[in-house]
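Going from the sequence shown to this note's numbering is simple: count from 1 and add 16.
Just so it is clear, CB atoms sit at the ideal spot from N, CA and C, and this is done for glycine as well.
What follows is a single structure, written as structure tokens, with notes after it.
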Amino acid sequence: MLETVKTTAPVLILLGPPGAGKGTQARKLEEGFGLVQLSTGDLLRAAVAAGTDAGKAAKAVMEAGDLVSDEIVINILRDRLADADCQQGVILDGFPRTTVQAEALDALLAESGQKINAAVSLEVDDAAMVTRISGRYTCGGCGEGYHDSYKQPAQDGICDNCGGSDMKRRADDNAETVASRLTAYHAQTAPLIAYYDCKGALQSIDAMGEIDGIAQKLGGIVKAAIS
Ligand code: ADP
Ligand code: ZN
């Protein structure tokens, strides 16, 4: 009798400092590969907006540019991962951000016989991140990202993608908070590059160029990692 091979849904991780382009690239991978982008930053902002207990605990921490507690973030992530749409495969954007979170993710995936296909580190210059983040904004209607200097919509204030005019800037996208976020990244998240390297799951790409060029390189890595 032939043994049935259990196929598991792909799990990809995007690593990199704030402003590296994780969210932008995750959205492109969603379209290209039918995966679901899972951003703990977005989930936390939704919890803050909804006024849940987790959101109330997270609000001030996020405004200061510090990391929200592992417990809160792991719980939010675990709940979201259980949703039906995530069963087709996920791109984690902004999670894990600490070693405790990385270990929790491994344990969570092991429960369902899954593992990480690849962790891709987006390599960027720290100095450029402050400018990148300080100028960025997003369409509230569809989530398309824009930038004052690098990517303006064809018509000022109108989204190229959905025609909406509800542009939003994040409360933590100011120079002062960005500096704290970069510090938190180097102290708590950068060690994950070695963590995934030790597991043989790490890939790195230069993420200082054009969005489309980076997307192409990343697409190649993802294609190889999930096939
Ligand atoms: P960025 O990557 O640009 O900093 P995110 O939207 O990923 O933006 O995160 C915004 C904020 O949400 C972080 O500064 C942090 O306070 C909180 N946050 C998001 N993901 C995590 C996480 N995995 N662990 C702890 N805090 C998180
Ligand atoms: Zn839009």
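Of the other Cβ atoms in all chains shown, 16 or more fall within 10 Å of the Cβ of T205; this residue is therefore buried.
For I242, the enclosing alpha helix (DSSP H) starts and ends at 227–242.
Bridge pairing for D109: L30, S55 [DSSP]. Looking at the DSSP output, Q219 bridges to V136. Taking the CA atoms as reference points, G39 sits about 17 Å from T147. Ordered along the chain, residues surrounding ligand 2 are C155, G157, C158, E160, C175, N177, C178, G180 [Cβ under 5 Å from any heavy atom]. Each residue's CA atom was taken as its position, placing D86 and L93 some 10 Å apart. In terms of side-chain proximity, the C-beta atom of Q117 is found nearer than 7 Å to a non-hydrogen atom of ligand 1. Counting only residues of its own chain and dropping the five nearest sequence neighbours on each side, K131 has a CB closer than 6 Å to the CB of L125.
Here the C-alpha atom of I88 lies approximately 10 Å from the C-alpha atom of D69.
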